[in-house]
Amino acid sequence: MKELFSKLRKYEIMIRKVANNHLQGDYQSLFKGSGLEFDDLRPYQYGDDIRTIEWKVSAKGHGTFVKTFKEDKEQSVYFLLDISGSQDIGQPGNKKIDQGKVISGVLTLAAVFNGSQVGLISYSDEKEKLVLPGKGSKQGVKMIRGIFQHENKSLKTDLNGMFTFALNLIKKRAVIVIISDFIDEGYERPFRALAERHDVVAIQLTDPRESALPSLGIIPVFDKEKGRTTWVNTAFGSFSKKISDTFTSERENLKELCKKNQINYLSIDTTQDIVGPLIELFKYRNKSMKRG
Numbered sequence: 001m002k003e004l005f006s007k008l009r010k011y012e013i014m015i016r017k018v019a020n021n022h023l024q025g026d027y028q029s030l031f032k033g034s035g036l037e038f039d040d041l042r043p044y045q046y047g048d049d050i051r052t053i054e055w056k057v058s059a060k061g062h063g064t065f066v067k068t069f070k071e072d073k074e075q076s077v078y079f080l081l082d083i084s085g086s087q088d089i090g091q092p093g094n095k096k097i098d099q100g101k102v103i104s105g106v107l108t109l110a111a112v113f114n115g116s117q118v119g120l121i122s123y124s125d126e127k128e129k130l131v132l133p134g135k136g137s138k139q140g141v142k143m144i145r146g147i148f149q150h151e152n153k154s155l156k157t158d159l160n161g162m163f164t165f166a167l168n169l170i171k172k173r174a175v176i177v178i179i180s181d182f183i184d185e186g187y188e189r190p191f192r193a194l195a196e197r198h199d200v201v202a203i204q205l206t207d208p209r210e211s212a213l214p215s216l217g218i219i220p221v222f223d224k225e226k227g228r229t230t231w232v233n234t235a236f237g238s239f240s241k242k243i244s245d246t247f248t249s250e251r252e253n254l255k256e257l258c259k260k261n262q263i264n265y266l267s268i269d270t271t272q273d274i275v276g277p278l279i280e281l282f283k284y285r286n287k288s289m290k291r292g
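The structure is reproduced here in structure tokens:
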């Protein structure tokens with residue numbers, strides 16, 4: 001654990017230094033979000049965000065009213081970590097699951113440094129690990145242990161289940177950082193619902209071999225989630241193209257879904273160093289908050 005903390009700390013300090021140089025010292029942009037809670041109602045004015053309209057009150061016929069918000073000093077940051085079998089792809093020691101855990105660990109330390117409350121939901125097709133939000137270095141240790149020392153009960157995926165579980169658990173507006181490869185179907189509804197209630201960041205983990213299978217003839221492919229092997233012929237160009245096209249279209253669909261629902265999207269490849277992409281995320285959120 002000492003070695004692990006040291007590695008995560010180095011990353012966190014590096015990111016903080018680069019972020020401070022690029023963001024005029026505003027390193028909190030990832031964790032602060034809008035940080036708002038409901039305060040009062042006022043009449044609708046031209047240019048107001050229609051999502052803030054209070055429809056129940058407006059329906060009474062006395063005009064259109066919008067909710068106003070005030071800053072929530074005790075906002076929590078939740079990490080939703082997908083630890084299903086499909087994450088187990090990549091070079092040994094640098095698989096999607098390894099990358100996801102390191103990103104969660106580094107951002108946990110960064111959030112703790114900024115005084116945020118941090119919590120964790122690790123999920124496969126069931127709740128694997130839950131750490132309720134807390135502050136300070138003891139909470140940081142609890143989180144890192146929860147991320148790195150947990151052993152899976154299941155290897156299957158259920159993003160719908162993960163997002164629904166988070167919706168039922170997290171009642172107060174929070175920053176929610178989802179770390180997953182998003183290889184699943186039918187999760188869009190609760191994903192959108194999370195974005196309506198919370199400030200959501202989606203970090204998609206990818207690996208080059210998912211979109212570019214080498215031509216190796218007939219090979220066995222083991223599906224960790226289903227626990228069975230299938231034989232596929234990689235020599236056919238049409239097969240490789242289908243794999244590549246599917247990966248590209250699914251990624252584009254996710255990006256579009258995030259854009260439509262004001263979810264910050266970031267893709268990180270297992271061959272990449274995590275510092276550069278995370279800095280881009282801080283920069284982007286910093287600009288969005290200044291615009292907001």
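Mapping to UniProt numbering: the sequence shown position 156 is 156, numbers consecutive. Every residue, glycine too, gets a C-beta built ideally from N, C-alpha and C. Note that this is a predicted model, so its numbers are computed, not measured.
query                                                                                                              : result
Beta-carbon proximity list for residue 180, same chain, < 6 angstroms, skipping 5 on both sides                    : 82
Outcome for residue 281 when other beta-carbon atoms lying within 10 angstroms are tallied against a minimum of 16 : buried
Residues near residue 160 by beta carbon distance below 8 angstroms, same chain, minus five either side            : 184, 186, 187, 189 and 190
Start-end ranges of the alpha helix (DSSP H) lying completely within the region 90–117, minimum 4 residues         : 96–113
Length of the line joining the Cα atoms of residue 119 and residue 51                                              : 27 angstroms
Contact check, residue 15 vs residue 275, beta carbons under 8 angstroms                                           : yes
Contact the region 131–145 vs the region 153–167: 3+ CB pairs below 8 angstroms                                    : no
Straight-line gap, residue 12 to residue 257 (C-alpha atoms, nearest Å)                                            : 30 angstroms
8 angstroms Cβ shell around residue 76 - same chain, five flanking residues per side excluded                      : 116, 117, 118, 119, 133, 170, 172, 174 and 175
Closest residue to residue 269 among 80, 47, 111 and 99 (Cα-Cα distance)                                           : 99
Helix, strand or coil at residue 75 [DSSP, three-state]                                                            : coil
Reference residue 30, options 121, 203 and 126, closest by Cα                                                      : 203
Assumed close pair residue 104, residue 156 - CB separation to whole angstroms, cut-off 8 angstroms                : About 20 angstroms separates the two Cβ atoms, so there is no contact after all.
Neighbourhood of residue 25 by C-beta, 7 angstroms cutoff - its chain only, sequence neighbours within 5 removed   : Bear in mind that the predicted position of residue 25 carries a pLDDT of just 48, short of 50, making it too unreliable to give a figure here.
Close beta carbons around residue 54, own chain, < 7 angstroms, minus the five adjacent residues each side         : 41, 65, 66 and 67
8 angstroms Cβ shell around residue 4 - same chain, five flanking residues per side excluded                       : 105, 144 and 148
Bridge partners - residue 67, DSSP secondary structure assignment                                                  : 41
Outcome for residue 292 when other beta-carbon atoms lying within 10 angstroms are tallied against a minimum of 16 : Because residue 292 carries a pLDDT of 47, less than 50, the predicted location of this residue cannot be relied on, and no value is offered for it.
Nearest to residue 199 (by Cα), restricted to the options 263, 49, 48 and 84                                       : 263
Beta-carbon proximity check, residue 109 vs residue 254, cutoff 8 angstroms                                        : no
Backbone CA spacing between residue 107 and residue 247 [nearest angstrom]                                         : 27 angstroms
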